Each structure stands twice: as C-alpha cells, then as structure tokens.
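For reference, each letter of the sequence shown is one residue, going 199 to 818 in this note's numbering.
Every residue gets a Cβ at the ideal spot worked out from N, C-alpha and C, and that includes glycine.
All values derive from a computational prediction rather than experimental measurement.
Worksheet: the structure to be examined is printed underneath.
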Amino acid sequence: LESYRQHPAGRHLEPISMLHAPEGPKQIRSVAKTSGGNANVLIIITDDQGYGDFSIHENPHLQTPHLDKLASTGVRFDRFFVNSFCAPTRAALLTGRWPLRTGCHGVTHNREAMRPSEITLAEALRGAGYRSACIGKWHNGEQYPFTPQGQGFDEFFGFNNGHWNHYFDAVLLRGAKQEATKGYITDVLTDEAMKFMSANKAGPFFCYLSYNAPHSPFQVPDPYFDKFKAKGFDDTLATFYGMCENIDDNVGRLLAHLDAEQFAQNTIVLFLTDNGGTAGVKTYNAGMRGGKTSVHEGGTRVPLFVRWPSAKWQPHVVKPIVSHIDVYPTLLDLCGVRAPAGPRVDGVSLRPLLEQVDAADWPERTLFTHNPISEIKKYPGAVRTQKHRLVREIKGPAGGSKAKANDASASPWQLYDMENDPGQGHDIAGAHPDIVKDLEARYEAWFADISREELRRFPLPVGHLEHNPVELHAPQAYFDPPLKFANGPGFANDWLTGWTDASAKVWWEIEVTQAGDYEIEIAFGAPPADAGSRIRVSAGGEAVDHVVPAAEAKEIPLPHRDDEGKRRCRNREWATLNAGTLSLPRGPAKITLEPLTVPGTQVMDLKHIQLKRHPKPSDR
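What follows is the structure, encoded as structure tokens:
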C-alpha cells in the first residue's frame with residue numbers, strides 16, 4: 199500500500215503496528231516500557247500558520263527568533279507533510295493513522311470527530327505512567343467520548359470545536375465546565391501549559407498545546423498589530439503577522455520555563471502546524487504553490503522542529519519526506535513505550551533521521567494527501583515521492599474544499615518534478631505518462647484501503663455523566679430548507695436561520711447511552727414580531743410542546759480587525775427556553791424540533807439544544 203521499498207541493507211521500513219481491533223469500548227492493555235523511557239513530551243501545534251510564516255524560512259516581513267532557535271538547535275524536518283486543513287491533521291498526529299481510517303473526514307458537522315475506539319498518543323503514554331493534558335483547540339469531536347478526556351487525556355482546558363470567535367477574555371472549557379479567562383488567548387493557553395508542566399515536574403508528562411492562532415478571526419493585542427500596520431500591511435495581514443510573532447514570544451516563554459524548572463534536558467519538544475498558510479501566502483510562501491485546503495505543496499508542507507537535549511542529537515536539517523502519521527510512532531519509540539494493541543498504525547519511527555542516518559540509507563516513501571468533500575469522494579488528492587508530486591484537483595473556491603462533491607469534475611492528473619521545479623510551474627504529466635500511471639495506481643490502492651470502513655457523521659452521544667448537560671450545536675444538526683446557516687457553510691459557532699416554512703424540521707441523530715429523563719433546553723433568538731410559534735420537541739416516541747417567547751439575541755461586539763471576521767464570526771447573547779423533559783430509552787434516536795404554528799416571519803434563530811440527564815441513585 200505505502201509502496202515502501204526494500205532498504206539497501208535488507209530491512210523494510212514498516213509501520214509500527216499492523217494490529218486491528220473491532221469497534222467498541224476501548225480496552226487498552228498495559229504498555230511495556232523499553233529502553234530510554236521517562237522523557238517528557240511537549241507538542242506545540244499552531245493553526246493555519248504556513249511553512250513560509252517564519253523568519254527561519256526566509257520570510258523577510260516578520261521575526262520568529264525563538265522558533266528559529268528551536269529549529270536551529272534541534273532537528274528541522276524540511277519536507278514534513280500534513281493534511282491541507284485542521285481536523286484530519288490532528289487525527290493523524292494523535293493516532294499515527296491516515297485520517298480517514300479514524301473516521302475523521304471534515305472540519306464541521308461532526309465529520310471532524312474520531313472514532314472513540316481510536317488509540318491516541320495520550321492513551322498509549324498513559325499506560326506507561328504519563329500524565330497528559332490537552333490545552334487549547336481540540337477539533338476532533340465535541341461530545342464525550344469524542345472529547346479529549348474521552349480520548350485519553352487526563353486534563354483538558356480549551357475548546358472542542360474548530361475555531362473560537364473571541365480571543366480576549368475567552369470563556370473556555372475546563373473538562374466539560376465553562377471557565378472565564380482574562381487576557382489574550384495565546385498567552386492564557388501558554389500560562390496553562392506552564393502550570394500543568396510545573397505541577398507534573400516529577401514526570402513523565404505529555405502536554406499537547408494546541409494554539410488556535412493565527413487562525414481567523416484576526417484579533418491580536420495592539421502592539422503586535424501596530425508594528426505591522428506601520429510597515430504598510432493591510433489590517434488582515436498586519437493582524438496575522440502579529441499573531442505569528444505573539445506565538446513566537448509565547449514559545450520563548452515556554453522554553454524559558456522548561457529551563458527555569460530544570461526539566462528542559464529531558465523534555466522532547468516538537469513544534470509543527472496543522473496545514474498550509476492562509477493570510478500570508480500571497481505575500482510570502484517560500485516559493486510554494488497553494489495554501490490551506492490546496493493539495494499542492496503549499497497546502498500540506500509545514501514545519502516540524504524537534505529538540506531533545508538529552509539525546510545529544512547534532513543539529514541538522516532532514517531532507518527525506520516524512521508525515522504527520524510518523525509523530526505517534528516516533529514519540530513512542532523515543533519514550534521507550536511499545537504501542538498498545540489497537541487499530542493499524544500507518545506511520546514509522548523517525549528516530550534514525552533524528553539520529554542523522556545517511557539519507558541515502560533511508561527507504562524511499564510514498565505519501566498521500568486527500569481533501570475530503572463528502573463521505574464518498576476520493577478527490578482532490580495528491581501523491582508525493584521524494585522527487586515528484588502528482589495532483590488531481592476539483593475546481594472550486596478555497597482549493598476545492600468548497601467545490602461540489604463530484605469526482606467527474608476532477609481535473610486531469612498533474613505531475614511536477616519537485617526537485618527541479620519546487621514552485622510547480624510546469625506540469626510534466628504529458629511527458630511522463632508512465633510515472634503518472636504508477637503514482638495514480640498507488641493513490642487508488644491507498645484510497646481504497648483507508649476508506650474501507652464506512653465514513654459517516656457519527657451520532658451524538660448523550661447521557662454520559664462525564665458530559666452532563668451536553669449541547670448539540672446547530673452545525674451538527676440536519677434540517678429542511680429553507681433553513682440555512684447564518685454565517686456561511688456551518689462552521690463552529692454558527693446558527694440556523696430562515697425558518698420560515700412551517701413544514702421544515704431540524705433534527706439531530708443521537709445515541710442515548712443511558713436511559714432516563716432528559717431535560718431539554720433550547721438556545722434561541724426571536725424578536726417580538728416573530729414570537730409565538732408553537733414548537734414540538736420529540737424523541738424516542740415522546741414529545742413536548744412549547745410556545746417560543748419573544749427574546750432578542752443581541753450581537754456581542756468582537757475585536758475583529760478584518761471585515762471577513764465581522765461578517766462570519768459573530769457572537770450573540772442567546773436566550774434559553776426550558777422546553778420540558780423527555781424520557782429516552784437507551785440506544786439510537788432522533789431528536790426533532792418542528793413548528794406547529796408560525797404566526798411571525800420565522801420560528802426562531804436556533805443556536806443549540808441542551809440535554810441534561812437527571813442522575814439515578816445508581817449513578818452516585
């Protein structure tokens with residue numbers, strides 16, 4: 199499948215594990231330690247920061263001295279590839295598996311979730327005595343057990359969905375409970391990471407620090423913004439570059455904290471980003487073609503810097519191609535932890551490259567990229583070898599991520615010589631049909647294998663006391679026209695509007711994990727002119743009716759510096775309606791909201807519903 203070629207010395211480059219496990223509750227065996235264990239692990243990942251958004255990669259417009267030093271004093275992987283957008287990269291990073299294998303095939307509508315049966319890095323390290331924390335953006339599922347603590351993390355502080363709308367004084371989650379913060383979100387998350395590491399200095403610890411910057415909306419403290427405005431950049435780019443420099447300052451704080459607490463020597467630090475760049479790619483993109491969502495080089499090639507002083511690696515730059523699926527097996531190898539039994543792992547340990555094996559002795563690899571548009575489409579996609587990139591696009595905005603799901607509209611395969619034409623200026627497919635045929639066959643075989651299990655939007659679990667009450671958000675709903683999302687395609691924090699048809703319904707597919715009485719609450723907005731609609735909430739053969747009262751959902755001003763953010767990233771003061779209690783049996787169900795009468799223009803604007811299970815004595 200991966201077309202790993204025979205190693206010159208007779209070895210094969212094999213994935214760390216070839217085990218399979220059926221779906222169902224996770225049973226993680228004790229993990230045996232091998233030599234070299236007990237190193238701490240700090241993974242720092244940023245959101246939408248491209249390869250070109252660093253001064254070490256010769257960006258002339260911004261300075262990232264702390265990250266430059268991390269890269270130059272450790273090991274810098276120059277050809278590290280991820281997915282072309284957020285959630286699939288994170289799924290691969292945490293499991294060592296191609297994202298579609300984990301069930302992750304999108305960024306919203308619960309397509310971003312991983313199957314709960316996946317074995318994450320947190321779970322693998324837990325068996326070897328590690329304490330773990332996920333701090334910041336999660337984006338692999340919003341309801342337990344899709345959440346960080348359902349996927350093996352001991353602690354969680356951040357947010358579960360794809361992006362956040364307010365970067366100052368944000369209300370985040372600690373576990374499943376809301377907690378107000380003070381300050382700029384990147385600074386706040388850094389403080390939390392330092393607290394976690396200090397509290398666990400006896401070790402070993404695993405800290406997964408997932409910054410949501412510099413992802414839009416573009417918000418940053420004034421000094422960072424003012425610096426780049428003075429250089430003549432527009433508001434969006436000035437903010438974006440300011441966010442990048444703020445990240446660098448916070449990485450400097452983290453590294454200084456490791457030194458001050460005297461555990462820098464035995465802490466493996468990794469820095470990477472989750473996909474190609476966004477706001478900065480038209481200004482500087484290190485000569486690459488494409489950005490976020492593109493299957494060209496600029497959409498998937500990102501930094502990977504690794505430092506572990508105890509290992510005494512000589513600082514060097516790694517040229518062989520490597521991938522996000524390699525992080526999981528590499529860290530288990532470095533920490534001396536054998537992978538627990540579980541689903542097949544696709545990645546390989548990069549330890550030989552960290553220890554500076556001769557690149558000529560590193561086996562040739564074939565890496566793949568897939569940009570999912572729907573549950574069944576295999577394009578856009580790309581194949582990367584050390585020398586070539588084979589690309590097949592579906593034309594549409596944002597590199598095809600907004601294109602219609604129709605493989606028939608895919609462009610012909612394009613082939614590029616990445617050694618002699620790194621900017622992908624000359625398509626050589628016509629001159630090398632044999633190479634196209636070979637790489638296409640590899641892609642087809644790979645896609646058939648990784649999509650062997652059915653891809654679907656997972657039903658939303660309700661009833662777990664670990665997440666009670668639980669919110670089911672508008673982007674996770676199904677609905678009839680003319681209902682639509684208020685601010686775009688239904689990314690995180692959006693809501694449903696246009697509920698003008700009395701026959702239109704909204705529903706969520708759920709999995710009731712515990713039978714019982716569930717109190718239903720609706721977050722909504724309805725101006726006085728639209729008040730009075732009678733709605734029915736039904737599930738599991740039961741229903742409750744209620745009248746929608748007047749409740750203005752006022753806009754909350756946000757510190758956006760870009761016009762796009764003002765249009766698409768909006769917060770409102772939502773009203774709540776206690777709609778009654780339903781007695782739900784255990785098992786799959788559909789919870790539906792339907793109007794019975796609509797006296798005004800529309801039923802309501804709908805943000806989410808909340809289900810709260812009333813615990814039974816046996817739960818205590």
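query	result
Collapsed DSSP secondary structure at Gly360 in the structure displayed	coil
Three-way DSSP call (helix, strand, coil) for Gly798 in this model	coil
Per DSSP, cross-strand counterpart(s) of Ser414	Paired residues: none, contrary to the question.
Endpoints, the beta strand (DSSP E) within which Thr698 is located	Element bounds for Thr698: n/a, residue is neither H nor E.
DSSP-derived helix/strand/coil call for Ser315	coil
Local conformation of Asp420 per DSSP, three classes	helix
Reference Lys372; option with closest CA among Arg759, Pro346 and Met392	The question names Lys, yet the displayed sequence has Arg at residue 372. Checking every option, the nearest Cα to that of Arg372 belongs to Pro346.
Sequence ranges, alpha helix (DSSP H) only - wholly within the region 572 to 655, length at least 4	631 to 648
Residues of its chain near Arg487, where Cβ-Cβ distance is below 7 Å and the 5 sequence neighbours each way are ignored	His494, Glu495, Gly496, Gly621 and Gln622
Boundaries (first-last residue) of the beta strand (DSSP E) holding Arg732	Arg732 to Ala737
CB-CB length for Arg277 against Val634, believed under 8 Å	About 21 Å; that fails the 8 Å criterion.
Ordered list of alpha helix (DSSP H) runs contained in the region 336 to 394, each at least 4 residues	none
Close Cβ partners of Lys788 (< 8 Å) along its chain, the five nearest in sequence each way excluded	Trp705, Trp706, Glu707, Ile708 and Ala737
Own chain, CB closer than 7 Å to Asn448, minus 5 neighbours either side, in chain order	Thr384, Asp385 and Thr388
Residues near Leu613 in its chain [Cβ-Cβ closer than 7 Å; skip 5 each side]	His586, Leu588, Asp625, Ile626, Ala627, His630, Ile633 and Val634
Beta-carbon separation (whole angstroms), Tyr249 vs Val500, contact threshold 8 Å	5 Å
Delimiting residues of the beta strand (DSSP E) encompassing Pro501	Arg499 to Arg505
Which of helix, strand or coil DSSP assigns to Glu256	coil
Continuous alpha helix (DSSP H) stretch holding Asp761: start and end	Asp761 to Arg766
Unbroken stretches of the alpha helix (DSSP H), 4 residues or longer, contained in the region 450 to 494	none
Cβ shell of Ser330 (< 6 Å), same chain only, five flanking positions each side left out	Ala320, Phe351, Asp352 and Phe404
Per-residue burial, Pro793 [other beta carbons within 10 Å of its own, 16 or more giving buried]	buried
Bridge partners - Asn666, DSSP secondary structure assignment	Beta-bridge pairing links Asn666 to no other residue.
C-beta contact flag for Gly360 and Glu310 at 8 Å	yes
Within 8 Å, strictly: CB atoms of Leu552 and Trp560	no
The region 397 to 411 touching the region 240 to 247, judged by at least three CB pairs closer than 8 Å	yes
Reduced DSSP category for Ala537 - H, G, I as helix; E, B as strand; rest coil	coil
8 Å contact criterion, which Ala606 and Arg590 should meet: CB distance rounded	That pair is no contact at about 12 Å.
Span separating the alpha-carbon of Tyr716 from that of Asp743	15 Å
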